Ligand code: ZN
Ligand code: ZN
Ligand code: FE
């Protein structure tokens, strides 16, 4: 990995051992020549690994003997260009403790300077424009170092030795503050830039404390921020952003402040303070000082700690939690170019805190959670990308995996590395499509990959599929969606299978041209067999049924079996028509989706009839469920999981007036038990003992907990995700593993 202080570390180690030689970066990685007494050279080689700096990831050490030169002293040599590029670009790294001390040290020349960084921290991936990782190949190229910074940069004993983004108030980027003067919000006038430098920061802090919405340029894009304990401020942001009820994340100054908002266990504290500084989904305290609009009706709250000096200054300055959400309107991609941000965010923000260091690659905040002490990613982006995932197989010819559609990522495979992209978003408009295609080109340049094999989903309407099919001169590999889910889980666990794969998600194209989503597979990286699935049902109105879960209830229950249910009364005008259309299979594709089953149950139990975002009904059903209830509905499993009986049992309980918390629990427990039963049947016939769980439905903590618990009690070995999300953000890795496996045969 470049830019993590490895060369200065080598320099220091060689000097300490009295060895002569040199160290440098080339496109292959780091090269070192040392000479001296044999014992000392051996000591050097072993401490090379054991004492390496915190951010260094040592992939491999190749050592060969060369003739001594009689050289004296140890030097760091310039980067060499040319040849095959293999050196890795580091993800962005949160401000380190040393830099934080300087930031708040009155006597330091970088006191309150919002861009302080060093070899151990600071921007990387978001500012890199090319390789090798040197200042001219970053968005810091336009800032000439002052003599003081140059001295630190050139001094091998300094913490900033060869820190490419090194800068200070005298030579580096500056922040500025703008306020929008508008009465009607239809005509916007930009006043003169009001404040610069520290005054700009103070003005932003004041505006936030005053309840204003401020657009803030961060590391991977613009955020919209508002003080989180002020209901008018938060609801104003919500209304202007056209975001109805999806929860906002909050940023707090430190771990202590996080404890005030939520219950934080050891694993969660470790994630909060980890160098990627993700948003961590935590169990919210009842008395958390948060405005109701932050996360309406949600048991969880997404919390993150500051990860740049700018965020540290703001969080401390405001002294209260801040809502920090992507700078966009509803589902658009996050704004990261200044002119675009000014245009798109001016109707939302009262003021702007911006700066003049360009962002080269847009990256959203990552979202993660802790499951049984291990990380379970939800969105893998800033701070994680483009760190490679080590593959269990060698990639023969370079692979591009184009991903799916929602929560899109792509991946490049080379040698035994998979470079999974940052989160691109939902591929449904020109902007996200452009991020995808430009992202592919950027990654191909950075990692020197020229794809010979291109993997894609089987869904003919996915924009990622269409993109793949237009690439000339490559071998195309279509990968079934749920096979890709299981393959991604296998690959990140360093396994090749075969395993029992349980893939539960929203929707994915099946090989029989129906829509799958509740699948039990026998799968390895190369191939799969569908051995069991959730009972299929028509999805009346197609995509309409995704937005309106009550339609799934109508599909399952029909006209007669819905008698006496409130959901039928609420949709009395359309219920019979929708139920008949489902029965007659008119505009009603057939699906075995687990996500749609959750939708039906959410509608029948009165939780939600219409959703504002994907997965909302299932999330709210989970939240409404009483986890202390242990009993389950009976649910038969043979070559299908008999979901119809399950839906009817739910309807009976609703009619009998059973509490929704109890119904939810019986439903979750039944589905978890069905997973165990299905796995057990496969074990009896095929002798497989390992189960891999994947698909977006396994973001449901209760279902996951119950399924893992049940499987382990039945002596199964269980594979879960910990590097890559179980949702469609992980599809690209799975496609890559499948295509690479096919290509190696
Ligand atoms: Zn630092
Ligand atoms: Zn400087
Ligand atoms: Fe999926």
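In my numbering, the protein residues as written are 10 to 754. From the three backbone atoms N, C-alpha and C, an ideal C-beta is built for every residue, glycine too. Note that the coordinates shown come from a computational prediction; the quantities given were computed from them, not determined experimentally.
Please report the Cβ distance between residue 45 and residue 28, rounded to the nearest whole angstrom; I am assuming they are in contact, meaning their Cβ atoms lie under 8 Å.
Position 36 of the chain shown, counting from 1, holds the residue named residue 45. Position 19 of the chain shown, counting from 1, holds the residue named residue 28. Their Cβ separation, rounded to whole angstroms, is 4 Å, which keeps residue 45 and residue 28 in contact under 8 Å.
Beta-carbon proximity list for residue 326, same chain, < 6 Å, skipping 5 on both sides
Taking the chain shown and counting its residues from 1, the one referred to as residue 326 is at position 317. Answer for residue 326: 214, listed in chain order.
Between which residues of its own chain and residue 585 is the CB-CB distance below 8 Å, once the five residues before and five after are set aside?
For the purposes of this step, residue 585 is taken as the residue at position 576 of the chain shown. Only 568 meet the Cβ criterion.
Below 6 Å, is the gap between the Cβ of residue 514 and the nearest heavy atom of ligand 3?
Counted from its first residue, the chain shown places residue 514 at position 505. Yes, ligand 3 has a heavy atom inside 6 Å of this Cβ.
Tell whether a beta-carbon distance below 7 Å holds between residue 43 and residue 23.
By 1-based counting over the chain shown, the position of residue 43 is 34. By 1-based counting over the chain shown, the position of residue 23 is 14. For residue 43 and residue 23, yes; Cβs fall inside 7 Å.
Report yes if the C-beta of residue 130 is less than 6 Å from at least one heavy atom of ligand 2; otherwise report no.
As a first step, residue 130 must be located in the chain shown, where it is residue number 121. Incorrect: residue 130 has no Cβ contact closer than 6 Å to ligand 2.
For ligand 3, is there any heavy atom lying closer than 6 Å to the beta carbon of residue 466?
If you number the chain shown from 1, residue 466 lands on position 457. Answer for residue 466: no, Cβ out of range of ligand 3.
Starting from residue 379, trace the beta strand (DSSP E) in both directions and tell me its first and last residue.
The residue labelled residue 379 in the question sits at position 370 within the chain shown. Unbroken beta strand (DSSP E) run through residue 379: 376-380.
Please report the residue range of the beta strand (DSSP E) in which residue 703 lies.
Stepping through the chain shown from its first residue, residue 703 is reached at position 694. From DSSP, the beta strand (DSSP E) with residue 703 extends over 699-703.
Specify, as a first and last residue, the run of the beta strand (DSSP E) that residue 363 falls within.
In the chain shown, residue 363 corresponds to position 354, counting from 1. It spans 360-364 - the beta strand (DSSP E) in which residue 363 sits, taken as one unbroken run.
Beta-carbon proximity list for residue 342, same chain, < 7 Å, skipping 5 on both sides
One-based indexing of the chain shown puts residue 342 at position 333. For residue 342, where only same-chain residues beyond five positions count, the Cβ hits under 7 Å are 371, 434, 440, 441 and 444.
Helix or strand or just coil, what does DSSP make of residue 283?
Counted from its first residue, the chain shown places residue 283 at position 274. Three-state DSSP puts residue 283 in coil, outside helix and strand.
Among 281, 277, 637 and 511, whose alpha-carbon lies nearest the alpha-carbon of residue 704?
On the chain shown, position 695 is the one that residue 704 refers to. The shortest C-alpha separation from residue 704 is found at 511.
Helix, strand or coil at residue 518 [DSSP, three-state]:
Here residue 518 is taken as the residue at index 509 of the chain shown, counted from 1. Residue 518: strand per DSSP, three-state reduction.
Using a Cβ-based criterion (distance less than 6 Å to any ligand heavy atom), does residue 412 qualify as near ligand 3?
Residue mapping note: residue 412 aligns to position 403 of the chain shown, counting from 1. For ligand 3, not one heavy atom lies less than 6 Å from the Cβ of residue 412.
Would you check if the distance between the CB atom of residue 324 and the CB atom of residue 269 is smaller than 7 Å?
Here residue 324 corresponds to residue number 315 of the chain shown, with the count starting at 1. Here residue 269 corresponds to residue number 260 of the chain shown, with the count starting at 1. Their beta carbons are not under 7 Å apart, which means residue 324 does not touch residue 269 by this criterion.
Starting from residue 424 and walking both ways along the beta strand (DSSP E), at which residues does that stretch end?
Along the chain shown, read from residue 1 onward, the residue named residue 424 stands at position 415. 420-429 is the span of the beta strand (DSSP E), which, as asked, contains residue 424.
Rounded to whole angstroms, what's the CA-CA distance from residue 508 to residue 631? Just pull it up for me.
Position 499 of the chain shown holds residue 508. Position 622 of the chain shown holds residue 631. Between residue 508 and residue 631, the C-alpha separation is close to 28 Å.
Own chain residues within Cβ distance below 7 Å of residue 286, not counting five before or after:
The count along the chain shown starts at 1 and reaches residue 286 at position 277. Within the same chain, residue 286 has close Cβ partners 103, 313, 314, 316 and 392.
In angstroms with no decimal places, state the Cα-to-Cα distance between residue 93 and residue 454.
Along the chain shown, one-based indexing puts residue 93 at 84. Along the chain shown, one-based indexing puts residue 454 at 445. Confidence at residue 93 is low in this model, with a pLDDT of 47, below 50, so its placement is unreliable and the value that follows should be read with caution. For residue 93 and residue 454, the distance between alpha carbons rounds to 11 Å.
Confirm, please, whether the CB-CB distance from residue 303 to residue 360 is below 7 Å.
The residue you call residue 360 lines up with position 351 of the chain shown. The residue you call residue 303 lines up with position 294 of the chain shown. In this structure, residue 303 does not lie closer than 7 Å to residue 360 by Cβ.
With distances taken between CB atoms, is the gap from residue 364 to residue 221 smaller than 7 Å?
By one-based count along the chain shown, residue 364 stands at place 355. By one-based count along the chain shown, residue 221 stands at place 212. Not in contact: residue 364 and residue 221 (Cβ atoms no closer than 7 Å).
Measuring CB to CB, does residue 428 end up less than 7 Å from residue 456?
Position 419 of the chain shown, counting from 1, holds the residue named residue 428. Position 447 of the chain shown, counting from 1, holds the residue named residue 456. Yes; because the gap between Cβ atoms is below 7 Å, this pair is in contact.
Pull the bridge partners of residue 313 from the DSSP assignment, please.
Counted from its first residue, the chain shown places residue 313 at position 304. Note: residue 313 sits in a beta bridge opposite 260.
Under 6 Å from any heavy atom of ligand 3, does the C-beta of residue 517 make it?
Numbered from 1 along the chain shown, position 508 holds the residue referred to as residue 517. At least one heavy atom of ligand 3 is nearer than 6 Å to the Cβ of residue 517, so yes.
Integer Cβ distance of residue 398 from residue 733, believed to fall under 8 Å
As a working note, residue 398 is residue 389 in the chain shown. As a working note, residue 733 is residue 724 in the chain shown. Contact holds; Cβ gap of about 7 Å.
If you reduce the DSSP assignment to three classes, tell me which class residue 122 lands in.
By one-based count along the chain shown, residue 122 stands at place 113. It is coil, neither helix nor strand.
In terms of residues, what are the limits of the beta strand (DSSP E) holding residue 529?
For the purposes of this step, residue 529 is taken as the residue at position 520 of the chain shown. Its beta strand (DSSP E) spans residues 524-532.
Taking the straight line between their C-alpha atoms, what separation do you get for residue 150 and residue 143?
One-based indexing of the chain shown puts residue 150 at position 141. One-based indexing of the chain shown puts residue 143 at position 134. The straight-line gap from Cα to Cα measures roughly 9 Å.
Nearest to residue 571 (by Cα), restricted to the options 589, 532, 177 and 554:
Taking the first residue of the chain shown as position 1, residue 571 is located at position 562. The shortest Cα separation from residue 571 among 589, 532, 177 and 554 belongs to 589.
Please classify residue 374: is it buried, with 16 or more other beta-carbons within 10 angstroms of its beta-carbon, or exposed?
Walking along the chain shown from the start, residue 374 turns up at place 365. Counting Cβ neighbours within 10 Å, residue 374 comes out buried, since at least 16 surround it.
Quick test of your reading: residue 185 and residue 161, contact by CB under 8 Å. State the CB separation rounded to the nearest angstrom.
If you number the chain shown from 1, residue 185 lands on position 176. If you number the chain shown from 1, residue 161 lands on position 152. Residue 185 to residue 161, Cβ: 26 Å. No contact.
Cα separation between residue 736 and residue 708?
The residue given as residue 736 occupies position 727 in the chain shown. The residue given as residue 708 occupies position 699 in the chain shown. Taking the straight line from one Cα to the other gives about 8 Å.
Does the distance from the C-beta atom of residue 604 to that of residue 634 stay below 7 Å?
What you label residue 604 is simply residue 595 of the chain shown in a count that begins at 1. What you label residue 634 is simply residue 625 of the chain shown in a count that begins at 1. Taking 7 Å as the Cβ cut-off, residue 604 and residue 634 do not qualify as a contacting pair.
Identify which residue in 612, 157 and 320 has its Cα closest to the Cα of residue 579.
Taking the first residue of the chain shown as 1, we reach residue 579 at position 570. Closest by alpha carbon: 612.
Over what stretch of residues does the alpha helix (DSSP H) that includes residue 345 continue unbroken?
Position 336 of the chain shown, counted from the first residue, corresponds to residue 345. Neither: residue 345 is in no alpha helix (DSSP H) and is coded neither H nor E.
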